[in-house]
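A short worksheet on the structure shown next.
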Amino acid sequence: MRALGTETADSPTRDNLVLALGCGGLVSAADNWIVAPILPSIAEGLGVSVAQAALVLAAYMIPYGLMQPVHGYFSEGYGRLRLLRKLMLGLAFGTVGCALSPSFLCLCICRCVTGFFAAGLIAVSLALIGDRAPSDERQTHVGRFMGIVFLGQAMSVGFGGLLAQYVSWRVVFAVFAGMAMIVFGLLRRLGDDLPHKPTSDFTRELYRAVGAPKGRSVYLLAFADGYLLLGIYGFIGAFLQQRGGLDPLRAGGVLMLFGVASLIAGVCMGRVTRRMGRRETAMIGAALGLLAASLLALSSHWGIGALAVVALGLGYVLVQSTLATLAFEVGASGLSSGLVGLGLFGGGGVASAVGGVILAHYGYEALWIVSIVGTGLLVIAFFKARAAFE
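Written as structure tokens, this is what we have:
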């Protein structure tokens with residue numbers, strides 16, 4: 014395995030590589046979560062309810078999750094950097110389609126197409142880090158990568174709220190399509206890595222990864238993490254607007270704190286893990302998710318919402334980075350990283366669909382109560398899953 018710091022003179026330096034990969038992941042995450050603060054604007058513009066508009070989240074996240082292991086596995090034989098550029102182009106064109114969508118159905122289809130291409134950006138980037146980083150440094154690099162991703166995501170959410178408030182939600186998608194093309198140019202400057210023939214076929218590698226006891230634990234925990242923590246985040250923007258009286262700009266400003274907290278958690282990830290241990294780090298992350306859901310259940314005031322978003326950002330990165338690092342120990346790095354992504358974003362997509370039903374029939378109170386119970390069970394699950402962290 015080649016370490017990040019021992020690349021040839023013609024290869025990108027460690028900092029340039031992580032920065033470029035972070036920018037790609039930034040666009041992927043931002044294009045996903047930009048919908049959160051503009052959900053009411055989309056609902057109003059296309060004549061649907063907010064609960065129905067939540068299907069836009071699911072339309073993106075389900076293919077985003079399903080395709081991650083596929084992109085991750087085949088990136089090894091195709092060339093990871095080469096595939097990243099193709100995926101970024103697909104994301105850009107899909108996002109243009111979102112900006113031009115004449116109906117809610119068309120928007121959902123375009124979001125589905127965008128999620129299909131965006132799926133590989135984080136999974137393949139994580140696999141590339143896994144290829145080049147020694148095992149004792151992986152969690153540090155993964156934490157920094159995720160920190161860049163979510164800081165940019167936070168800034169984009171605030172920017173998207175500003176555009177939705179004063180221009181249009183369609184302009185938000187158009188701007189992100191332009192950002193995707195800029196990152197495409199940045200990825201082109203990195204050149205190509207050498208493709209390697211996979212050691213076994215996709216089905217056999219998938220069976221080995223999912224069949225391993227550690228793999229099953231990691232992937233199921235990733236699904237629970239995505240369902241609960243990403244599921245909570247997807248509804249906070251609409252909650253603060255409908256119940257807290259914020260406009261899209263201010264709601265986006267509150268949601269920006271998610272990325273700031275994620276950056277802090279990503280920078281501190283290596284230190285926290287060395288001090289606390291991986292299982293304990295994940296437990297703390299799940300407990301922070303429980304705190305976020307509890308705060309939202311208590312009040313719709315923007316200050317309480319801000320505290321909840323900070324807790325959620327810290328908690329999500331602590332759990333996600335830990336699971337992403339464990340995935341490297343299960344099987345082929347690209348496939349295993351993708352399976353964690355499938356769990357996270359597939360869980361988030363299912364949570365968006367189920368949460369929309371709960372919201373439509375029972376309101377936000379029931380949504381937060383379900384989240385409180387679920388995150389409490391997640392803390393217990395991490396406590397009991399000792400074997401997965403050994």
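For reference, each letter of the sequence shown is one residue, going 14 to 403 in our numbering.
Idealized CB from N, CA, C, for every residue including glycine.
Here the structure is a predicted model, which means the values were calculated and not measured.
Rounded to whole angstroms, T338 and G143 show a C-alpha spacing of 8 Å. Put simply, the backbone Cα of C121 is about 22 Å away from that of F172.
Taking the C-beta atoms as reference points, V330 is found nearer than 7 Å to S275. In the structure shown, I277 falls within a helical segment according to DSSP collapsed to helix, strand and coil. One thing to note: G265 has its Cβ within 7 Å of the Cβ of P50. Between the segment 93-100 and the segment 194-201 there are three or more C-beta pairs closer than 8 Å, enough to call the two in contact. With respect to the C-alpha of G250, the residue from V322, V180, R292 and G290 having the closest C-alpha is V322. For D238, the uninterrupted alpha helix (DSSP H) segment begins and ends at P226 to D238. With 16 or more other CB atoms across the displayed protein chains lying within 10 angstroms of its CB, G35 is buried.
The DSSP-derived three-state label of S349 is helix. Taking the C-beta atoms as reference points, L241 is found nearer than 7 Å to G302. Ranking F158, M159 and F186 by CA distance to the CA of V170 puts F186 first.
For the 7 Å CB-CB criterion, F395 and M282 do not form a contact.
Residue burial annotation: V353 is buried, with at least 16 other C-beta atoms found within 10 angstroms of its C-beta. In the structure shown, the three-state DSSP call for L203 is coil.
Taking a cut-off of 8 Å for Cβ pairs, the segment 228-240 and the segment 36-47 do not touch, as fewer than three such pairs fall below it. Closest in C-alpha terms to M74, from the list L336, L357, M168 and R145, comes L357. Looking at the backbone, the Cα of R183 and that of A112 are separated by about 4 Å. Take A72, set aside five residues on each side of it, and the residues of its chain with a beta-carbon closer than 6 Å to its own are C121, R124 and C125, in chain order. Just measuring C-alpha positions, the residue of S350, F189 and W381 sitting nearest I47 is F189.
Excluding the 5 residues flanking it on each side, T127 has same chain C-beta neighbours closer than 7 Å at D44, Y73, L104, G107, T108 and C111, in chain order.
Residue L327 holds the alpha-carbon nearest to the alpha-carbon of V285 among L327, A66 and V273. A distance below 6 Å between beta-carbons, with the five flanking residues on each side excluded, links V40 to the following residues of its chain, in chain order: M192, A193 and V196.
DSSP places V137 in the uninterrupted alpha helix (DSSP H) bounded by F117 to R145.
Of all C-beta pairs linking the segment 132-139 to the segment 299-319, fewer than three are shorter than 8 Å, placing the two stretches out of contact. Proximity to R145 across G387, R399, V332 and V31 peaks at V31, based on C-alpha coordinates.
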